[in-house]
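Here the structure comes first, spelled out in C-alpha cells, and everything after it is commentary.
Protein chains in written order, with the working numbering: chain A, -5 to 138; chain B, -5 to 138; chain C, -5 to 138; chain D, -5 to 138; chain E, -5 to 138; chain F, -5 to 138.
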C-alpha cells in the first residue's frame, strides 16, 4: 500500500461509468414501469452501489480506507444501453477513482442480477473513469 | 429474493470474463516481469477475486449465500488486452453466474488499482458470462 | 454456539415484524409519493434488509451461518405506523427467527436513516417474532 | 448520500436505547447469575454491539463511514425490562444518531438470540434516540 | 481454491490452540476478578472468536465457505500463560483446521487488545492445530 | 471502547511479527520456486494481510476504526522459519499495534492455509509487537 502519511488533504471527486446493455426493449420497459419481479431496479441497485463503494478497501488490498463524504448514482437510458454514472467525493490524501469504478461496477452487477430472470443477454461494458478532480493531476476522458 | 426451497441441488458451473485494456506495452511488460511497484499483479488480483466472489451475497441483495466449491482465475494476454477468466462451481439449487461475473470484475478492478500508478489509461471491458452448466438451461456465448 | 451436528434438516420459516412510527402525515405522504430526498424508502430499505439478513452470523456471535433460501419484505401502512414484515426461509438444522428479526430491524433502521432529514420524531417499536414453522416447536404470536 | 464536504467537524454524541422485555423473572435471574447456557449475556452482547456499530455504514446505504471515537453500553434492569443504553461519540461532520440506534438494536438482538433457548417470549421495544449533542440541533427526548 | 465438488460430506472436527503469555501475575488476577477496564476478557474474546471464525473465508482467499455447526472456546490458565482452545465442527466436504486456528488467533488477539492498557509485555505463542477428525487423515499433535 | 475524543493526532507506526515454522526444507523450496499448488504464497498472503488489517475493527470489539495510511509486509527466511514483518502507519489519535499484530497473524494463517496441502506440520509462533512509535510511549522489543 502506498504510504500517504506525507500527502496533503484536498477535496477529491471522481466520476466513473459502467454501461449495462440489455438485449431487448421489453427489459427497458420493465425497468421504467417498475414491473421487474425482483423489485425496483434503479433504487435497489443504487442501494447496493452506495453500500458497495464503502466496501472498496475490504475488497481491494491496496485501497486506503477513507472518509467517503458523498456518493451519488445517476442512470441514463439510451436505446438498449443504460449508462450508470457513479460519483464519489472525499476530503483526504488520496483519490477516489477506484472507489467510483467499484461503485459503478456494483450497480451494474446488481442490475444484471435483478434483470437476469427476464433477459438472458445482458452484458456490462466500459467500466471506466470519466473524470477526477483534486490531487496531483486532474483527468477528463475526452471521448465521453 | 427468489424462493429456492423447492429447487433441486445439482452441480453448477459458470465462467465469466472481464477484459482489462492497458494503454501501452510497458504496462504488459511490467506485469510479466513482476516489476509493478504495488506487487505481483496476477497473484494479488487472484487473491482479491477469490475473496471477492465469496462476498457476492454481501454486496448484491438478491443473491443467495451458497457453498462455493471451486473458484479459479486464468489470465490471457493478447496485445494490450488481458482477459480475466473466472470460474465458479457449486453443488446447489441456484447458479453461480453472478458470482463468476462479480469475481471477474473484482480481479479486473484490482488490476486497475495496482496498475493505475504506472498507466493512467486503463479501461475495463466486456464483463459477461461465457458459459454456464447445470440448472434449467445451459448457456454458451457464441461470440467467445 | 449450540452444537447442531446431530440435528435434522427441515424446512424452516420465520416471520418477524418491526414497527416504524413516524411523527406526522407528511412523512407517510413523502414515502408514498417517492419524494423523500434520499430516494425510494421502501425499495432501498428492502435492499438493506436483504443484505443485512445475510450478515446475521457476522453480527451475532452465536448464530450459525446457514443457507438463506428466501427473504421477503412487506410493508403495511396504518395511520402513522408502518409495519415491516420480514420473512426468511431455509432448509437447515436450525431456525431463522433471529435472522428474520435482524432483517426487520435493519429495514426499520434504514427507514429511520432515510426519513431522519424530514422527520425528527421517528421511533422503532415491537421488533418481535410473529410466527415460525419447522423445528421442534411451531410458534404463533396470538396478539398479532 | 448527503454531501458533507462543506460541513464543519465538531464533537458529536448520541445516546440511543432499546428495551428488551423478557417474559419471566427466571430469565433476569439467569442473566444476573451468569447461568445462561450460551454464556455471559451482558459481556457478549456488548462485544456484538461494539462490533455492530462499526458496521453501520456497511449495512445502511446512506450512512457515512466515520471515525467512531467512543462507544459505550450500559444496561438497566427494571422488573422484566432491560434497557440498553448505547452511546457513540465522534469528531466529524455528521452525527452518530443512527450509529447509536444500530448499536442498541444489535445489543438487543444478541440478548434475544442468547436468551431464546430459555425464554420464548422475548420482545424488543422502543429503539429510539434519547439525546444527541453537536451539529445543527441538539435533541433531548422529553419522555425519557 | 481446491475443487471439492467430488468430495464426500463427513463430520469434521478440529481443535486449535493459541497461547497468550502475559508479563505479570496482576494481569491474570485482573482477568479472574473481572476488573480489566475494557470489560470481561474471556466473554468478550469468546464473542470476537465466534464471530471471527465465521469470517475465515472472508479473510483467507483459498478457504471454502462452509456450514459451521459448532464453535467452542475454552481457556486454561497456567502461571502466566493462558491457553485458548478453539473447537470447530462441520458436516461438509472439507476440514475446519484453518477455521479453528483463525478462531484461536482472533481470541488471542482480542485478549491482547483488551489487556494492552494494563500489560505492555503480552505475546502470542504457538498457534497450532491440536487435533482433527474426519476427512482423509486424522491428526493428533503428540506434544500436546 | 476507550474514549479518544480528547487525544491528539500524531504519526503512529507499529511493526509486528509472526513466525511461520514449516517442517521440511521442501516447503521452503516450493515457496521460493513458486511451485505451491495454491499459488504464489508470498504475494497472496500479502494480499490477505493488507485486506485483513483493514478489517481489524470489524473483528476486535474495542479497536477504533482508523485511517490506515500505510501497510507493508516483509518476509525473512531463516532455515525452516519464515518471519513475517508487518508494518502499519496512521496519523491518528490511537496506535496501530493491534492492527499490525492482526495483519501479521492473517499473513501467517494464510501461509498455513496455502501450505497445508504440502506440509502437515506447520506452526505459527511469536506473534508480537517489535516496535511502535508515536503516542505516549515508544516501545522497542529488546530481544528482536
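Backbone N, C-alpha and C define an ideal beta-carbon position, used for all residues, glycine too.
Same chain, Cβ closer than 7 Å to residue i, five either side skipped, listed in chain order
i	result
residue 30(C)	24, 108, 109, 112
residue 71(F)	22
residue 28(A)	34
Residues of its chain near residue i, where Cβ-Cβ distance is below 8 Å and the 5 sequence neighbours each way are ignored
i	result
residue 51(C)	57, 58, 59, 60
residue 69(D)	36, 76, 77, 78, 79
residue 90(E)	6, 7, 8, 60, 62, 82, 83, 84, 126
residue 129(C)	4, 6, 88, 89
residue 132(D)	125, 126
Distance, residue j Cα to residue i Cα
i	j	result
residue 19(C)	residue 76(C)	12 Å
residue 33(D)	residue 64(E)	15 Å
residue 67(F)	residue 121(A)	31 Å
residue 54(F)	residue -1(C)	28 Å
residue -4(C)	residue 102(D)	19 Å
residue 96(D)	residue 3(C)	32 Å
residue 1(D)	residue 87(D)	6 Å
residue 134(F)	residue 17(E)	16 Å
residue 74(B)	residue 44(F)	28 Å
residue 48(D)	residue 114(B)	34 Å
Neighbour list for residue i in chain H, Cβ cutoff strictly below 9 Å
i	result
residue 103(E)	Protein chains A, B, C, D, E and F are contained in the structure displayed, whereas chain H is not.
Local conformation of residue i per DSSP, three classes
i	result
residue 125(C)	strand
residue 46(B)	helix
residue 119(F)	strand
residue 66(F)	strand
residue 134(F)	strand
residue 85(D)	strand
residue 2(D)	coil
residue 103(E)	helix
residue 25(C)	helix
residue 40(D)	helix
residue 14(C)	strand
residue 53(B)	helix
residue 9(B)	strand
residue 74(B)	coil
residue 109(E)	helix
Whether residue i touches residue j by CB criterion (8 Å)
i	j	result
residue 10(E)	residue 123(E)	yes
residue 116(C)	residue 15(C)	yes
residue 41(F)	residue 38(B)	yes
When the options are compared against residue i, the one with the closest alpha-carbon
i	options	result
residue 105(F)	93(F), 95(F), 118(F), 94(F)	118(F)
residue 93(C)	17(C), 5(C), -3(C), 46(C)	46(C)
Same chain only: Cβ atoms within 6 Å of residue i, ignoring 5 sequence neighbours per side
i	result
residue 100(E)	42, 43, 46
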